[in-house]
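First residue of the sequence shown? That's 72 in this note's numbering, and the numbers climb one at a time after it.
Below is one structure, written out as structure tokens; the observations come after it.
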Amino acid sequence: MVKTINVGLIGFGNIGTGVVRALNENSKLIMSRLSCPIKIARIADIDITRQRPVKYDKNILTDDTMSVVKDPSIDIIIELIGGTKIAKTVVETALRYKKHVVTANKALLAHFGADLFALARENEVSLLFESSVGAGIPIIRSLAYSYSADRINTIRGILNGTTNYILTNMEEQRRDFQDVLKEAQEHGYAEPDPTFDVEGFDTAHKLCILASMAFGQDIRSDSVYVNGITQVQKDDLVYARELGYIVKLLGIAKLNESGKAEVRVHPTLIPRTSTLASVRGVYNAIEIEGEPIGAQMLYGRGAGWGSTASGVLGDVIDLANAIASGANIPYPINIPKGKKNIRPISELSTAYYLRMTLKDVPGMLARVATVFGDQKISIKTVLQKTSDPGKFARVIFITHTALEGNLQKALNAMKEKKLCREKPFVLRVEE
72 MVKTINVGLI
82 GFGNIGTGVV
92 RALNENSKLI
102 MSRLSCPIKI
112 ARIADIDITR
122 QRPVKYDKNI
132 LTDDTMSVVK
142 DPSIDIIIEL
152 IGGTKIAKTV
162 VETALRYKKH
172 VVTANKALLA
182 HFGADLFALA
192 RENEVSLLFE
202 SSVGAGIPII
212 RSLAYSYSAD
222 RINTIRGILN
232 GTTNYILTNM
242 EEQRRDFQDV
252 LKEAQEHGYA
262 EPDPTFDVEG
272 FDTAHKLCIL
282 ASMAFGQDIR
292 SDSVYVNGIT
302 QVQKDDLVYA
312 RELGYIVKLL
322 GIAKLNESGK
332 AEVRVHPTLI
342 PRTSTLASVR
352 GVYNAIEIEG
362 EPIGAQMLYG
372 RGAGWGSTAS
382 GVLGDVIDLA
392 NAIASGANIP
402 YPINIPKGKK
412 NIRPISELST
422 AYYLRMTLKD
432 VPGMLARVAT
442 VFGDQKISIK
452 TVLQKTSDPG
462 KFARVIFITH
472 TALEGNLQKA
482 LNAMKEKKLC
492 REKPFVLRVE
502 E
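As structure tokens, then:
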């Protein structure tokens, strides 16, 4: 008799409901791709009274999460509750009970990924997580399988649909951040509390996962330099366009020849002619560069119940087929706990965009140039956008490549000399 693979679903919110819906709507197609039947045997959620817009057996729903996790009849646990505290307990317990786990929980993996992968290997089970980054974009499979023979040098991506939607509309419609954020919330593209997205933390968690896989290092969220988009003004997007750039919130991870990794998240000027510049609205895109693969890009919707459920079920199907056929169970990846070699942001070498409000008096630009020169920073482009003679002028600078530490020293010197009316606004440039 062919074994039925029993799945326990932990978390029956929007994504959990989407998983059940996708199974219902595509059951025949899914079964045609399986070597054995699968079924959602049990579901756990904190709220068992709420009505869900999906057909399911209400007898399998419980608020006793651990009874599902420890159930000996369950083969695979899907963790979709989010957060790190309860989710960590759920995943650890499932792995110790020798159950395979599928999760879309980027925060959990960014904080505890190496620990959980080690626990999975110890118990000879799998922890799969395709939907943790890019939802339905198959970036995890690509890194684990397709690029496993390549030395990945660079990952650069638009990893958050909320911030990309906001920046796209700020630029195209010349609107303020708060105005577009409100619209994004009305359309369901931003959470009521958007902090996690707009401050860059969501992108940072995803970048931790990608960089850890690509570089074989235990890169956790506290190793990532993070700066969000809340201080970007619509004028910055106008000036960037005039200079031939567009602004995107990027997650950037690079590995140098000595094995040092730089891992950073911040709004970035990129050339308007670049491929990433064409990624608009809520879409995500991830560029990978390596040897011998060269440059590759993956693109698609990075959020939503449909794309996330697709990635989750893809992992479940992989596991079900492996269990039924007796084949080798898919990875957990091997990331050595504690192994990391992180390059501090002060050692970053890149070009910069600076928006300054300077005293509008003769010789002021020369004084600023002298401060830059003292720190070995060369100016590439200067734009003077507004001027109130005898008072203040708004000036935009693009520098040539310079050390981050030197730039910060220059900004401190300008503050001491009281050259600027307010703190200069800085963006980094990726050519």
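Even glycine gets a Cβ: it sits at the ideal position worked out from N, Cα and C.
Mapping DSSP to helix, strand and coil, what is residue i?
{"i": "L454", "result": "strand"}
{"i": "V334", "result": "strand"}
{"i": "Y310", "result": "helix"}
{"i": "K430", "result": "strand"}
{"i": "C107", "result": "coil"}
{"i": "V172", "result": "strand"}
{"i": "I237", "result": "helix"}
{"i": "G287", "result": "coil"}
{"i": "N224", "result": "strand"}
{"i": "V145", "result": "According to the sequence provided, residue 145 is Ile. The question's Val does not apply to it. Three-state DSSP puts I145 in coil, outside helix and strand."}
{"i": "G35", "result": "Examination of residue 35 is not possible in this model, given that the chain is present from 72 through 502 alone."}
{"i": "N327", "result": "coil"}
{"i": "N77", "result": "strand"}
{"i": "R167", "result": "helix"}
{"i": "E150", "result": "strand"}
{"i": "F272", "result": "helix"}
{"i": "E358", "result": "strand"}
{"i": "A115", "result": "strand"}
{"i": "K277", "result": "helix"}
{"i": "L490", "result": "coil"}
Residue i: which of the options sits nearest, CA to CA?
{"i": "V350", "options": "I147, K141, L320", "result": "L320"}
{"i": "L507", "options": "I317, T301, Q302", "result": "Any property of residue 507 remains undetermined from this structure, which presents the chain solely from 72 to 502."}
{"i": "S197", "options": "G409, D389, A282", "result": "D389"}
{"i": "A220", "options": "A332, S203, E360", "result": "E360"}
{"i": "G228", "options": "L281, L199, D459", "result": "L281"}
{"i": "N95", "options": "P108, L179, Y127", "result": "Y127"}
{"i": "T346", "options": "E358, H337, P338", "result": "E358"}
{"i": "A181", "options": "K462, Q288, G259, T234", "result": "Q288"}
{"i": "P481", "options": "V439, I469, G232, D186", "result": "Checking the sequence shown, residue 481 turns out to be Ala, not Pro. Out of V439, I469, G232, D186, V439 has the C-alpha closest to the C-alpha of A481."}
{"i": "G409", "options": "S283, E475, I323", "result": "S283"}
{"i": "I450", "options": "D459, A473, L429", "result": "A473"}
{"i": "Y216", "options": "Y424, I404, A324", "result": "I404"}
{"i": "Q455", "options": "E328, D306, T379, G397", "result": "D306"}
{"i": "G365", "options": "S396, K411, N224", "result": "N224"}
{"i": "A285", "options": "L326, Q446, R312, S396", "result": "L326"}
{"i": "I101", "options": "V387, I394, M137, L252", "result": "V387"}
{"i": "K169", "options": "I394, E243, P363", "result": "I394"}
{"i": "V370", "options": "E362, P363, A348", "result": "Note that residue 370 corresponds to Tyr in the displayed sequence, not to Val. Checked all of E362, P363, A348; the closest Cα to Y370 is A348."}
Just confirm the distance between the C-beta atoms of residue i and residue j, as a whole number of angstroms; I'd bet it's less than 8 Å.
{"i": "A175", "j": "I111", "result": "The Cβ separation is near 16 Å, so there is no contact."}
{"i": "C279", "j": "V269", "result": "18 Å between Cβ atoms; not a contact."}
{"i": "T452", "j": "L314", "result": "6 Å"}
{"i": "I400", "j": "G184", "result": "Contact flag wrong, Cβ pair sits at about 18 Å."}
{"i": "G352", "j": "Y236", "result": "5 Å"}
{"i": "G79", "j": "D142", "result": "6 Å"}
{"i": "P338", "j": "L498", "result": "6 Å"}
{"i": "A206", "j": "G382", "result": "6 Å"}
{"i": "S417", "j": "E475", "result": "5 Å"}
Output yes if chain C places a C-beta closer than 8 Å to the C-beta of residue i; else output no.
{"i": "T75", "result": "No chain C appears in the structure shown, which is made up of a single protein chain."}
Please state whether the Cβ-Cβ distance between residue i and residue j is less than 8 Å.
{"i": "L478", "j": "I448", "result": "yes"}
{"i": "R426", "j": "R465", "result": "yes"}
{"i": "A422", "j": "V303", "result": "no"}
{"i": "V139", "j": "R92", "result": "no"}
{"i": "I290", "j": "A332", "result": "yes"}
{"i": "L166", "j": "A191", "result": "yes"}
{"i": "E117", "j": "D134", "result": "The question names Glu, yet the displayed sequence has Ile at residue 117. Yes, Cβ-Cβ distance for I117 and D134 is below 8 Å."}
{"i": "A484", "j": "V432", "result": "no"}
{"i": "V162", "j": "L179", "result": "yes"}
{"i": "I152", "j": "I81", "result": "yes"}
{"i": "T428", "j": "F468", "result": "no"}
{"i": "I300", "j": "L230", "result": "no"}
{"i": "I131", "j": "A391", "result": "no"}
{"i": "A374", "j": "I226", "result": "no"}
Would you report the Cα separation of residue i and residue j, rounded to the nearest angstrom?
{"i": "R335", "j": "C107", "result": "43 Å"}
{"i": "K159", "j": "E150", "result": "10 Å"}
{"i": "D273", "j": "G434", "result": "44 Å"}
{"i": "S98", "j": "M241", "result": "42 Å"}
{"i": "G84", "j": "A261", "result": "17 Å"}
{"i": "H171", "j": "D146", "result": "7 Å"}
{"i": "G377", "j": "G89", "result": "6 Å"}
{"i": "G330", "j": "S420", "result": "16 Å"}
{"i": "Q367", "j": "R222", "result": "13 Å"}
{"i": "I208", "j": "D459", "result": "50 Å"}
{"i": "Q249", "j": "T164", "result": "42 Å"}
{"i": "P495", "j": "G271", "result": "20 Å"}
{"i": "A275", "j": "R104", "result": "35 Å"}
{"i": "A437", "j": "G444", "result": "10 Å"}
{"i": "E493", "j": "E487", "result": "12 Å"}
{"i": "T379", "j": "S202", "result": "5 Å"}
{"i": "T234", "j": "I157", "result": "28 Å"}
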